[in-house]
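> I have a structure here, written as structure tokens, and I will follow up with some questions on it.
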Amino acid sequence: MSTAPDTRAFDPTAAGAGSGRKILQTSLRPARVILYLLLALFCIYYLLPLYVMVVNSLKPLSEITAGGMMALPRDWTLAPWQSAWSTAQVGVEATGLRPYFINSIIMVVPAVALSTLLGALNGYVLTKWTFRGATVLFGLLLFGCFIPFQIVLIPMARVLGLIGLAGTVPGLIFVHLVYGIGFSTLYFRNYYAAFPTELVRAAQIDGAGFFRIFWRILLPSSGPIAVVCIIWQFTNIWNDFLFGASFSDFDSQPMTVALNNLVQSSTGVKEYNVHFAGAIMAALPTLLVYIVAGRYFVRGLMAGSVKG
Amino acid sequence: MSIADTANRPGAVDRLRDALPKLVLSPTVAIVAIFVYGFIAFTLYLSFTDSRILPSFGWVGWQNYHNLFRIRAWDTAVSNLVVFGVLYIAICCALGLLLAILLDQRIRAEGFIRTVYLYPMALSFIVTGVAWKWFLDPGIGLEAVVHGWGWESFQFDWIKNSHMAIYTIVIAAVWQTSGFVMAMFLAGLRGIDNEMLKAAQIDGASTFALYRRIVIPQLRPAFMSAFVVLAHMAIKSYDLVIALTGGGPGTSTELPATFMYSYTFTRNQMGIGAASAVIMLMTIAAIIVPYLWSELREKK
Numbered sequence: 001m002s003t004a005p006d007t008r009a010f011d012p013t014a015a016g017a018g019s020g021r022k023i024l025q026t027s028l029r030p031a032r033v034i035l036y037l038l039l040a041l042f043c044i045y046y047l048l049p050l051y052v053m054v055v056n057s058l059k060p061l062s063e064i065t066a067g068g069m070m071a072l073p074r075d076w077t078l079a080p081w082q083s084a085w086s087t088a089q090v091g092v093e094a095t096g097l098r099p100y101f102i103n104s105i106i107m108v109v110p111a112v113a114l115s116t117l118l119g120a121l122n123g124y125v126l127t128k129w130t131f132r133g134a135t136v137l138f139g140l141l142l143f144g145c146f147i148p149f150q151i152v153l154i155p156m157a158r159v160l161g162l163i164g165l166a167g168t169v170p171g172l173i174f175v176h177l178v179y180g181i182g183f184s185t186l187y188f189r190n191y192y193a194a195f196p197t198e199l200v201r202a203a204q205i206d207g208a209g210f211f212r213i214f215w216r217i218l219l220p221s222s223g224p225i226a227v228v229c230i231i232w233q234f235t236n237i238w239n240d241f242l243f244g245a246s247f248s249d250f251d252s253q254p255m256t257v258a259l260n261n262l263v264q265s266s267t268g269v270k271e272y273n274v275h276f277a278g279a280i281m282a283a284l285p286t287l288l289v290y291i292v293a294g295r296y297f298v299r300g301l302m303a304g305s306v307k308g
Numbered sequence: 001m002s003i004a005d006t007a008n009r010p011g012a013v014d015r016l017r018d019a020l021p022k023l024v025l026s027p028t029v030a031i032v033a034i035f036v037y038g039f040i041a042f043t044l045y046l047s048f049t050d051s052r053i054l055p056s057f058g059w060v061g062w063q064n065y066h067n068l069f070r071i072r073a074w075d076t077a078v079s080n081l082v083v084f085g086v087l088y089i090a091i092c093c094a095l096g097l098l099l100a101i102l103l104d105q106r107i108r109a110e111g112f113i114r115t116v117y118l119y120p121m122a123l124s125f126i127v128t129g130v131a132w133k134w135f136l137d138p139g140i141g142l143e144a145v146v147h148g149w150g151w152e153s154f155q156f157d158w159i160k161n162s163h164m165a166i167y168t169i170v171i172a173a174v175w176q177t178s179g180f181v182m183a184m185f186l187a188g189l190r191g192i193d194n195e196m197l198k199a200a201q202i203d204g205a206s207t208f209a210l211y212r213r214i215v216i217p218q219l220r221p222a223f224m225s226a227f228v229v230l231a232h233m234a235i236k237s238y239d240l241v242i243a244l245t246g247g248g249p250g251t252s253t254e255l256p257a258t259f260m261y262s263y264t265f266t267r268n269q270m271g272i273g274a275a276s277a278v279i280m281l282m283t284i285a286a287i288i289v290p291y292l293w294s295e296l297r298e299k300k
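Those protein sequences? They're chains W and Y, same order as listed. If you're matching positions, the first sequence starts at 1 in our numbering and goes up one per residue. If you're matching positions, the second sequence starts at 1 in our numbering and goes up one per residue.
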């Protein structure tokens, strides 16, 4: 949320293990042992829910209800995954989570692409073609990132109805685009602010126009911030629940809403193993992004909160 | 000085060229004007009307706000938010600081450990909610497991207990966000000058004094950011409650966000729902606006 000029300013993941202090080392060896023990203990704390989800998604229901939640499966099985994916009862129909997973993908891709593109253009204008009131405008834009979305639910429901997008995936794309612009603009503005304006001015004297400068000079060096922005938008939009729950119908629900319906459905036996498999499916895309590009994920988080 | 000024020549083409940057920005300006500020104004207006199942425009003055504060469920939601918010922010900050200090000791495999501490932040609150919902369920989760280990009298039924259920929300929320707070503090720690610490160490300061007197005071900006981020997340908390407890047992874990949703969309009290949304916005604005103000001013 800060307007820190540079999202690369500080990146704790970039710093290797060598950059820390070693204050505790001056005391004796046992201190180091306790230190590592504590760190390991916290690793267990953070990994425990993931462990619970994974092992219980691979065992028959009877093993869970018999009090074996912590144990490894005795009978390994993929049946809960098959069920969660294609046959489980989600709401009224027994379709599994597959159609909703597809909904989420159809929703996320255009929303992320469009909001990132708009954010890049906005950041370019706000830093290299500034005008009076640009800072105020940016402040207003930034505040829009942090409003509780409850304040827009009622009018948005009306507007989506009026333009015929109520209860559709394009409607959700629209909503995510609208409320995603603020953050993407923030990222690109702060990144371009550190970009030498002299280069832009020189290109302009050489006769290059507005779009040419953007396309040839700024965009080619925007790789890192584009990755940060795309990851942030992807994670936020994929994980959104409020808009999905408010503005979708049975056949346009995103993954998070469908998962919640699967778990909360009160009919029949609670198939915990299927719930866990479904939860992992909903978590997998963002988790994968985090594991593959964790450094950019952290940069995005930090740019949204820490002074540079 | 902006570059646009240097290209200030007459002619239609040139004028278009000068207007181009603003033209590019205009869709965003329109979107923000309508969908953020216009919508806020609309909801604010609705909070003074007799809207029930649909928006309607009969003016009722402060009636909805009067009623809102007389509804017991709102009372519950607000006091839950206070309990949840205070514990959530305090525990996240304490845990985050502890983890950051522990990790700042030239730890082997620091990168790996950091990744482990931070991954919950990539998950949806619905996923977190599902995992903790069943883990804390006395029938199959922790309580049943400990019983299975032979400790028959062990009891942990907070999630089913209307006095304790709000604390399960704290547990799950802290699990999700504390790694993020750790990363913020770690960034702050890495910005502290090593020389000063060495000097203090040579002067014989104890490790504890070193942190209390030198390191932690310098983390003030990180504390500030953490507070703003966590407070704003606490007020907006919705998904986690829905997934973990559904607001129950009874209404014991309702928060303002869930209250607003149920009054607006399932109880058909849109006027009251709008009033509660306005109060949520005001609370967040009271935290965010001064913060943004100071950040934007500093830049000048």
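Yeah, the Cβ is synthetic: ideal placement off N, Cα and C, and Gly gets one too. Computed from a prediction, not measured in an experiment: that's the story for all the values here.
Suppose contacts are defined by Cβ-Cβ distances below 9 angstroms. Is residue 200 (chain W) in contact with residue 293 (chain W) by that definition?
No, the Cβ-Cβ distance between residue 200 (chain W) and residue 293 (chain W) is not below 9 angstroms.
> Starting from residue 28 (chain Y), follow its DSSP beta bridges and name the residues at the other end.
DSSP output for residue 28 (chain Y) lists no bridge partner at all.
> Please work out which residues of its chain come closer than 7 angstroms, Cβ to Cβ, to residue 240 (chain Y), disregarding the five sequence neighbours upstream and downstream, and give them in chain order.
The residues are 125, 128, 129, 169, 172 and 173.
> Please report how far the alpha carbon of residue 30 (chain W) lies from the alpha carbon of residue 105 (chain Y), in whole angstroms.
Computed Cα separation, rounded: 14 angstroms.
> Report the residue from W:172, W:97, W:204 and W:178 whose alpha carbon sits nearest the alpha carbon of residue 241 (chain W).
Checking every option, the nearest Cα to that of residue 241 (chain W) belongs to W:172.
> Go through its chain and collect everything with a Cβ distance to residue 68 (chain Y)'s Cβ below 8 angstroms, but skip five positions before and after it.
Result list for residue 68 (chain Y): 74, 272, 275, 276 and 279, in chain order.
> Around the Cβ of residue 51 (chain W), are there at least 16 other Cβ atoms within 10 angstroms (buried) or fewer (exposed)?
Residue 51 (chain W) is exposed by the Cβ-count criterion.
> Any beta-carbon of chain Y closer than 9 angstroms to the one on residue 384 (chain W)?
Chain W is shown from 1 up to 308; residue 384 (chain W) falls before or after that span and cannot be answered.
> Does chain Y have any CB closer than 9 angstroms to the CB of residue 181 (chain W)?
Yes, contact with chain Y.
> Which term fits residue 49 (chain W), buried or exposed, when burial requires 16 or more other beta carbons within 10 angstroms of its beta carbon?
Buried is the call here.
> Going by beta carbon distance, what residues of the same chain come within less than 7 angstroms of residue 227 (chain Y), once the five residues before and after it are set aside?
The answer, listed in chain order, is 89.
> 9 angstroms is my cut-off, CB to CB: does residue 14 (chain Y) come that close to chain W?
For residue 14 (chain Y), the answer is no, since every Cβ of chain W falls outside 9 angstroms of its Cβ.
> Against residue 155 (chain Y), what residues of chain W qualify as contacts under a CB-to-CB distance less than 7 angstroms, listed in chain order?
Here the premise fails: no neighbours, minimum Cβ distance about 15 angstroms.
> Take residue 190 (chain Y) as the anchor and find which of Y:70, Y:49 and Y:103 has the nearest alpha-carbon.
The candidate whose alpha carbon is nearest that of residue 190 (chain Y) is Y:103.
> Taking residue 202 (chain Y) as the query, report the chain W residues whose CB atoms sit under 7 angstroms from its CB, ordered along the chain.
Within chain W, no residue comes near residue 202 (chain Y); the closest Cβ sits about 11 angstroms away, beyond 7 angstroms.
> Whose Cβ in chain W lies nearer than 8 angstroms to the Cβ of residue 17 (chain Y)?
Going along chain W in sequence order, the residues near residue 17 (chain Y) (Cβ under 8 angstroms) are 209 and 210.
> Take residue 183 (chain Y) as the anchor and find which of Y:131, Y:136 and Y:113 has the nearest alpha-carbon.
Of the listed residues, the one whose Cα sits closest to residue 183 (chain Y) is Y:113.
> Looking only at its own chain, which residues have a Cβ that is under 7 angstroms from the Cβ of residue 245 (chain W), when we skip the five neighbours before and after it?
Taken in chain order, the residues that qualify are 257.
> Any beta-carbon of chain W closer than 9 angstroms to the one on residue 105 (chain Y)?
Yes, residue 105 (chain Y) counts as interfacial toward chain W.
> Could you pull the start and end residues of the alpha helix (DSSP H) that residue 32 (chain W) belongs to?
First-last of the alpha helix (DSSP H) with residue 32 (chain W): 29-56.
> Going straight from the alpha carbon of residue 2 (chain W) to that of residue 236 (chain Y), what length do you get?
Unreliable positioning characterises residue 2 (chain W) in this predicted model, as indicated by a pLDDT of 40, which lies under 50. A coordinate reading is not provided.
> Note down the Cα distance separating residue 234 (chain Y) from residue 203 (chain Y), rounded to an integer number of angstroms.
Rounded to the nearest angstrom, the two C-alpha atoms are 43 angstroms apart.
> Let me confirm a value: residue 148 (chain W) is counted as buried when at least 16 other C-beta atoms fall within 10 Å, else exposed. Which label applies?
By the 10 Å Cβ count, residue 148 (chain W) comes out buried.
> Listed in chain order, which residues of the stretch 154-178 of chain W have Cβ atoms closer than 9 angstroms to some Cβ of chain Y?
Listed by position along the chain: 154, 155, 156, 157, 158, 159, 175, 177 and 178.
> Applying the criterion that 16 or more other CB atoms from any shown protein chain within 10 Å of the CB defines a buried residue, is residue 253 (chain W) buried or exposed?
Buried: at least 16 other Cβ atoms inside 10 Å.
> Closest to residue 78 (chain Y) by C-alpha separation, out of Y:292, Y:154 and Y:257, would be which residue?
For residue 78 (chain Y), the nearest C-alpha among the options comes from Y:257.
> With a floor of 4 residues, list each alpha helix (DSSP H) that falls wholly inside the stretch 173-234 of chain W, ordered by position along the chain.
You should have 197-205 and 210-213.
> Under 8 angstroms Cβ to Cβ from residue 92 (chain W), same chain only, skipping five residues before and after it: list those, please.
250, listed in sequence order.
> Quick one, are the C-beta atoms of residue 64 (chain W) and residue 287 (chain Y) less than 9 angstroms apart?
The answer is no: Cβ separation not under 9 angstroms.
> Does any residue of chain W bring its CB to less than 9 angstroms from the CB of residue 239 (chain Y)?
Closer than 9 angstroms: yes.
> According to a CB-to-CB cut-off of less than 8 angstroms, which residues of the stretch 221-250 of chain Y neighbour chain W?
The residues in question are 221, 222, 225, 226, 228, 229, 232, 235, 236, 238, 239, 242, 243 and 246.
> Return yes when the C-beta of residue 153 (chain W) is under 8 angstroms from any heavy atom of the ligand NAD, and no when it is not.
Inclusion of the ligand NAD in the displayed structure is not the case, the ligand content being empty and no account of it being possible.
> Strictly under 9 angstroms for the Cβ-Cβ distance: is residue 120 (chain Y) near chain W by that measure?
Judged by the 9 angstroms Cβ criterion, residue 120 (chain Y) is in contact with chain W.
> Nearest-angstrom Cα distance between residue 131 (chain W) and residue 243 (chain W)?
About 34 angstroms.
> What does residue 43 (chain Y) reach in chain W if we use C-beta pairs closer than 9 angstroms?
Neighbours of residue 43 (chain Y) on chain W, chain order: 150, 151, 152, 153, 154 and 155.
> Report yes if the C-beta distance between residue 183 (chain W) and residue 233 (chain W) is below 9 angstroms; otherwise report no.
Result yes, Cβ atoms of residue 183 (chain W) and residue 233 (chain W) sit closer than 9 angstroms.
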